[in-house]
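Following the numbering used here from start to finish, the sequence shown increments by one per residue and tops out at 396.
We treat Cβ as the ideally placed atom computed from N, Cα and C, and that holds for glycine.
Below you'll find the structure, written out as structure tokens, and then a few comments.
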Amino acid sequence: MRSASSARTVPTFTGDLAADDLGQTLLHEHLFVQQPEVDRALPDDGWEEDRGVRDAIAHLDLLHDRGVSTVVDLTVPGLGRDAALVARVASRTRMRVVAATGWYTHDVLPTFFRLNGPGRLVDGPDRLAELFVGDVTQGIQGTGVRAGALKVVSDVDGMTDDVHRVFAAAALAHRETGVPVFTHSHAPSRGGLEQQDVLERAGVGLDRVVIGHAGDSDDLDYLQELAARGSFLGFDRFGMEHMATDAQRIEMLLALLERGLAPQIVLSHDAAIYSRVTPPSWRREHTPHWTMHHLHDRILPLLRQKGVGDGEIRTMLRDNPRRVLVGPGNEGQR
């Protein structure tokens, strides 16, 4: 585990950041979501790296102007993580960017991992765990940038064998490094509860876990069950209205705030500045507000109109992210 002194800092693309300097933090965002194998077969004629870097810098600087100081980029392998590309952006923006490790799959892992590892055809060490721990302790892809977050995924298929392997490797990395765990969950099937079960059995304290996409749910009992076990609830898809409308998310959020659960809620968008997965024309038509600016431009004003106070907003955007990233007892002073 990290020492108490080191736990009061968070690694970013531009060096360690003191907990007190995190400021407003969006815990679940993406700079570049890429599909390298798709691009090799079907190149994206609309992508040009230098322009992509400039667009990302401008986007993050506008977000910084709105009061956000830190963004956690939960782009991991499986989503085309490119640490060197993000480093180009991070070195030229006022925003502090935290990197993540993990593997994005909600069904099967690449063939390499299916054939290599403990008890596999090529018996040997758990290369997933080696990757995750190395990314946290040594740095990602030769950049020297250390990951400050672990990302795991399960979806409608539940805890498949390969998904379970990723969770087990992430749990081991968490136990060795103390880095928090962020999930992608399937809210309609109440999938966050199974995630909590698996992580808890693997030795992860549930107060170091953010159940991602909890805000997709309209099941108040489910959300309260997740919170009762100590995890943070990710209301992290504002603007992604093809999953749930912002009005639905706000309704659930207000219900939880009325029950005193502000200390367990974090806010974000799961937005990408560039995404190979959905073309810009589709996003303009179907999710026109799905950007990292949406909370500050539209959602926070609506919450204030509905009686949410600045103290609760501070808790969800500043205090809770700090507790997630540095752990209980290491938050520093406000």
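Just to confirm, are residue i and residue j a CB contact at a threshold of 8 Å?
i	j	result
Arg227	Leu190	yes
Val218	Val272	no
Leu212	Ala162	yes
Met314	Asp280	yes
Asp332	His126	no
Leu319	Glu374	yes
Val207	Val151	no
Trp109	Gly140	no
Val160	Gly210	yes
Asp278	Ile361	no
Thr87	Ile119	no
Ala81	Val386	no
Thr377	Pro342	no
Ala249	Ala231	no
Whole angstroms are fine: how far does the CA of residue j sit from the CA of residue i?
i	j	result
His348	His92	19 Å
Met63	Ala264	In this prediction, Met63 scores a pLDDT of 44, lower than 50, which makes its location untrustworthy; no coordinate-derived value is stated.
Ser337	Val95	5 Å
Leu316	Pro180	46 Å
Arg129	Val184	In the sequence as displayed, the identity of residue 129 is Gly instead of Arg. C-alpha separation (whole angstroms): 50 Å.
Gln395	Arg384	Confidence at Gln395 is low in this model, with a pLDDT of 40, below 50, so its placement is unreliable and no value can be given for it.
Leu379	Val260	28 Å
Arg366	Arg299	19 Å
Gly77	Ala149	11 Å
Ala167	Asp144	Sequence check: residue 167 is Thr here, not Ala. Approximately 17 Å between the Cα atoms of the pair.
Asp169	Val215	9 Å
Val225	Pro390	28 Å
Phe75	Thr132	11 Å
Ser68	Asp107	Bear in mind that a pLDDT of 47 at Ser68, under 50, signals an unreliable position, so the number given afterwards is only what the model happens to contain. Near 44 Å, if we compare the C-alpha coordinates of Asp107 and Ser68.
Arg408	Asp83	The structure shown has nothing for residue 408, since the chain only spans 63 to 396.
Where do the ends of the beta strand (DSSP E) carrying residue i lie?
i	result
Glu91	Gln86 to Val95
Leu288	No beta strand (DSSP E) contains Leu288, which is instead part of the alpha helix (DSSP H) from Leu282 to Ala290.
DSSP has residue i in a bridge; who is on the other side?
i	result
His246	Val215
Gly77	Thr74
Phe294	Val272
Gly220	Asp217
Ala209	Ala161
Counting along the chain, where does the alpha helix (DSSP H) carrying residue i start and finish?
i	result
Val225	Asp223 to Thr239
Gly129	Run containing Gly129: none; DSSP gives neither H nor E here.
Ala103	Pro98 to Ala103
His383	One detail in the question is off: residue 383 reads as Pro in this sequence, not His. Run containing Pro383: Asn382 to Val388, per the alpha helix (DSSP H) assignment.
Val138	First-last for Val138: undefined, no H or E at that position.
Glu262	Gly253 to Arg263
Is residue i near the ligand ZN, in the sense that its beta carbon is under 7 Å from a heavy atom of that ligand?
i	result
Arg291	The model depicted lacks the ligand ZN and carries no ligand whatsoever.
- Query: In chain order, which beta strand (DSSP E) runs of at least 3 residues are fully inside the region 153-204?
  - Reply: 158-164
- Message: Threshold first: 3 residues or longer. Then list the beta strand (DSSP E) segments lying entirely within the region 320-372, N to C.
- Response: 327-329 and 334-337
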